[in-house]
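Since the structure comes first, as structure tokens, the remarks are kept for the end.
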Amino acid sequence: MSTSLARGITALKEQIDSPIASFFSSCVHCGMCADACLFYTETKDPKYTPIHKLEPMRRVWQQEYTFWGRLGKKLGISKPVTDAELSEWEELVYDSCTLCGRCSLVCPVGNDITYMIRKMREGMVVSGHSPKGLREATQRAIEFGSPMGITLQTLQAQVKHAEKETGLTVPMDVTGAEYMMVLSSAEIAQFSEIIGAVTRIFHEAGVSWTLCSEAFEGTNSGIQIGSKDLAGELVGRLVAGAEKLKVKYVISPECGHAYTALRWEGPNLIGRPYPFKVIHILELLEQLRKEGRLRTEGKEEERLTFHDPCQLVRRGGVIEEPRSLLNMVASDFVEMNDHGKLNWCCGGGGGVSANERADPLRLKVFSRKKNQIDETGATTIVTACSNCRNMLLDGLEHNNMDIEVVGLTEMLAEHLVTRQTPATTGDK
Amino acid sequence: MTSMELLLWARGPGLQIATAVLLLGLVFRLLEIYTPGRKPDLSEARASGMGPGVRTIFSRSVPLKGMWTKEISGYTFHIGFLVVLLFFVPHILLFKDTFGFGWPGISNSMIDFITVLTLAALAYTLFTRITDPVRRFLSTFGDYLALLLTALPLITGYMAFHRLGLPYTQMLAIHILSVEALMIFLPFTKLVHAVTILGSRWYNGAISGRKGVQS
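In the order they appear, the protein sequences are chains A and B.
Under my numbering, residues 1 to 428 are what the first sequence spells out, in order.
Under my numbering, residues 1 to 215 are what the second sequence spells out, in order.
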């Protein structure tokens with residue numbers, strides 16, 4: 001056995017807990033999870049059945065944690081997990097799983113298969129079986145602070161641009177601010193209008209907020225590749241920034257995995273609870289709406305639909321907020337079939353978007369999303385995750401569909417009711 | 001050993017052994033599965049996971065829309081098996097002999113009908129295991145063994161009741177032995193899902209529930 005394989009098996013063993021043992025014990029191979037997974041429904045290849053993606057981990061559990069399995073191992077009759085096998089499974093565990101969590105919602109015996117895949121990736125990455133693209137993105141995140149290689153200079157340039165556009169100051173490194181805003185790589189690089197949008201909204205609502213020059217990037221490739229150490233390092237930087245500025249809240253951006261990383265996995269990754277609360281930007285906006293501090297005028301005329309980012313909705317619990325906010329500014333908002341917690345993934349979550357090798361498969365299974373969109377007849381898709389947004393744009397272009405994709409926060413900012421004082425003389 | 005002796009053994013020591021293996025085996029398996037526990041979750045819960053966990057134990061028995069067709073045979077044989085086990089009058093009498101109390105049963109003709117329906121559902125389940133590409137791909141020896149262990153008590157019970165095949169005493173002995181086989185194998189095969197399903201559904205519901213999502 002190679003050293004990396006041995007380390008991978010040990011990592012897998014460490015990941016196995018009672019839920020994992022219960023889930024493997026309960027599986028009756030009914031195959032229902034296949035029908036919940038877009039990688040199966042769009043390819044009809046049984047190898048994409050979610051529970052099958054865990055076969056090596058199941059054998060580690062059986063051989064290490066069950067009486068009969070241990071006996072079989074002692075007698076040399078059980079089949080050990082091999083490097084070749086993990087190599088074969090790499091595609092199943094990474095390329096064809098977006099950690100979307102739909103299978104976990106469908107399994108009749110209640111197996112949280114996504115929870116299992118997340119844990120299996122810990123063993124995969126340690127044994128050296130993770131996709132190159134995702135590995136490189138994670139490396140960039142650790143080295144430069146961003147999987148897309150975004151630096152502070154890039155952010156500063158975008159901030160300057162936003163200040164010029166809004167006539168307002170974008171607060172940076174303000175100690176004692178109530179909220180610290182975190183952004184995603186894609187927001188800084190491609191969808192930087194978000195900076196101006198939140199600046200205007202927060203200005204109108206009177207929110208005390210700041211960006212942090214040492215902690216502005218929320219994208220967490222660590223949880224996607226499945227490395228608790230790297231994920232913990234990335235979350236730790238945000239925690240350090242928030243603690244330094246003594247903020248009460250950290251705002252998670254429109255990025256699904258950033259939310260999962262910061263809100264749900266973070267404290268477990270760093271091994272302690274936070275001294276601040278994490279709030280998603282949509283949760284905050286909904287709160288402001290309820291308090292009458294977020295006011296909009298006018299409505300979008302065209303038919304809109306909302307794409308639920310998996311990590312935000314099904315795996316995150318921010319379900320009603322986007323709908324309530326969207327209804328403020330939409331006159332013809334239609335839900336997709338299977339919306340909310342049953343929505344279908346854009347196909348690029350869980351690190352798939354950073355894994356170029358998976359592009360052809362991702363674009364193939366986009367047919368599921370395409371059908372969902374077609375059924376609504378919408379001409380604009382609103383979403384709340386910059387990765388989903390990129391994946392939707394890519395999929396739509398691939399299918400020659402002329403549909404606009406916008407971020408919810410920006411759409412709200414466009415309809416923002418501003419105070420009497422012209423914004424240009426605002427904070428400057 | 002005569003048929004009568006076999007029957008007496010099956011009803012006496014055989015049943016005791018099977019019950020002991022079932023109970024001790026289950027305790028052993030449940031300890032094996034549930035004693036490692038899980039790490040405490042340090043993230044701030046949006047809601048308690050307890051209630052949603054319990055709710056998922058029940059709600060997961062209701063299939064999602066559009067999934068009925070795939071599950072109909074599964075429902076039929078699970079419910080049918082339980083009804084025949086719990087409401088066939090001789091089964092209730094056997095229970096009453098041991099524990100001193102019972103409950104009303106349902107008519108033999110009804111039990112007969114449900115048995116046939118249950119066997120048909122099991123046969124259909126076997127058929128889909130072989131023909132459905134996903135199920136065939138996933139299926140292992142253990143899946144077929146579980147089906148066989150479930151079907152045997154129904155088949156032998158039906159044959160004993162209708163005096164088919166072997167003489168009644170012999171058939172009845174075989175019927176009881178087949179039930180004992182099911183009991184003995186349950187903790188160590190796929191059949192253990194009958195119990196671990198509670199834990200799995202609870203975990204699923206609780207993990208989601210603390211994030212504010214009813215799974």
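Think of the CB as a built atom: it goes at the ideal place given N, C-alpha and C, for glycine as much as any other residue.
In this text, all values refer to a predicted model and were calculated from it rather than measured experimentally.
Just to confirm the assignment, what range does the beta strand (DSSP E) spanning Phe-306(A) have? 304-307
Chain A contact residues for Arg-11(B), given Cβ-Cβ distances below 9 Å: Per Cβ cutoff of 9 Å: no residues; Arg-11(B) is ~29 Å from chain A at best.
Counting only beta-carbon atoms, is Trp-264(A) nearer than 7 Å to chain B? yes
Are there three or more Cβ pairs, one per stretch, closer than 8 Å when the region 381-393 of chain A is compared with the region 163-180 of chain A? no
Can the beta-carbon of Pro-267(A) be found less than 7 Å from the beta-carbon of Tyr-203(B)? no
Between the region 292-303 of chain A and the region 253-272 of chain A, can you find at least three pairs of beta-carbon atoms closer than 8 Å? no
His-415(A), enclosing alpha helix (DSSP H) - first and last residue: Careful: His-415(A) lies outside any alpha helix (DSSP H) and carries neither H nor E.
Whole alpha helix (DSSP H) runs in the region 28-61 of chain A with 4 or more residues, listed along the chain? 32-36 and 38-41
Residues in its own chain within less than 6 Å of Gly-8(A) by CB, not counting five upstream and five downstream? Gly-123, Val-126 and Ser-127
Rounding to the nearest angstrom, what Cα-Cα distance links Met-67(B) and Met-120(A) in this structure? 28 Å
Pick from Thr-115(B), Thr-189(B) and Gly-37(B) that is closest to Phe-161(B), judged by C-alpha positions: Thr-115(B)
Using 8 Å as the cut-off, can you tell me whether the region 159-178 of chain B makes contact with the region 67-77 of chain A, which would need three or more C-beta pairs spanning the two stretches below that distance? no
What ranges does the alpha helix (DSSP H) occupy inside the region 240-265 of chain A, keeping only unbroken runs of at least 4 residues that lie completely in it? 256-259
Would Val-365(A) and Phe-39(A) be called neighbours here (beta carbons separated by less than 7 Å)? yes
What does the alpha-carbon distance come out to for the pair Leu-412(A) and Asn-371(A)? 27 Å
Starting from Ser-43(B), find everything on chain A with Cβ-Cβ shorter than 9 Å and list it in chain order. Arg-263, Trp-264, Glu-265, Gly-266, Pro-267, Asn-268, Pro-273, Tyr-274 and Val-278
For His-161(A), report the span of its alpha helix (DSSP H) as first-last. 152-166
Taking Cβ to Cβ, would you say Leu-30(B) is nearer than 7 Å to Met-183(B)? no
Using C-beta distances below 8 Å, list every residue in its chain close to Ile-33(B), excluding the 5 sequence neighbours before and after it, in chain order. Thr-196 and Gly-199
To the nearest whole angstrom, what separates the beta carbons of Gly-49(B) and Gly-209(B), a pair I think is in contact under 8 Å? 4 Å
Endpoints, alpha helix (DSSP H) assigned at Glu-404(A): Premise fails: Glu-404(A) lies in the beta strand (DSSP E), 404-407, not in any alpha helix (DSSP H).
Touch test, the region 50-69 of chain B against the region 79-99 of chain A, Cβ-Cβ under 8 Å, three pairs minimum: no
Confirm, please, whether the CB-CB distance from Cys-33(A) to Cys-100(A) is below 7 Å. no
Taking just the CA atoms, how far does His-161(A) sit from Pro-422(A)? Reliability of the predicted coordinates at Pro-422(A) is poor, the pLDDT of 48 falling under 50, and the value obtained from them is presented with this limitation in mind. Cα to Cα, the separation comes out at about 19 Å.
Between the Cα of Cys-212(A) and those of Asp-45(A), Leu-5(A) and Tyr-249(A), spot the shortest distance and give me the residue it belongs to. Tyr-249(A)
Write down every uninterrupted run of the alpha helix (DSSP H) in the region 64-150 of chain B whose length is 4 residues or greater and which is fully enclosed by it, in chain order. 68-87, 89-99, 108-131 and 133-138
Output needed for Leu-135(A): all residues of its chain with C-beta closer than 7 Å, excluding positions within five of it in sequence on either side, in chain order. Here residue 135(A) turns out to be Arg, not Leu, going by the sequence shown. Result list for Arg-135(A): Ile-225, in chain order.
What is the residue span of the beta strand (DSSP E) that Ile-77(A) lies within? Taken as a continuous stretch (DSSP letters only), Ile-77(A) belongs to no beta strand (DSSP E), as it is neither H nor E.
Span of the beta strand (DSSP E) holding Lys-277(A)? 277-280
Any beta carbon from chain A within less than 7 Å of Pro-167(B)'s own beta carbon? no
Does any CB atom of chain B fall closer than 7 Å to the CB of Val-465(A)? It is not possible to answer for residue 465(A), since the shown part of chain A is limited to 1 through 428.
Under 7 Å between C-beta atoms of Ala-186(A) and Asn-220(A): no
N- and C-terminal bounds of the alpha helix (DSSP H) containing Ile-201(A): 193-205
The region 315-334 of chain A in contact with the region 374-384 of chain A per 3-pair CB rule at 8 Å: yes
What are the boundary residues of the beta strand (DSSP E) that includes Thr-383(A)? 380-383
By Cβ distance, which residues of its chain are closer than 7 Å to Phe-202(A), with the 5 residues on each side in sequence left out? Trp-209
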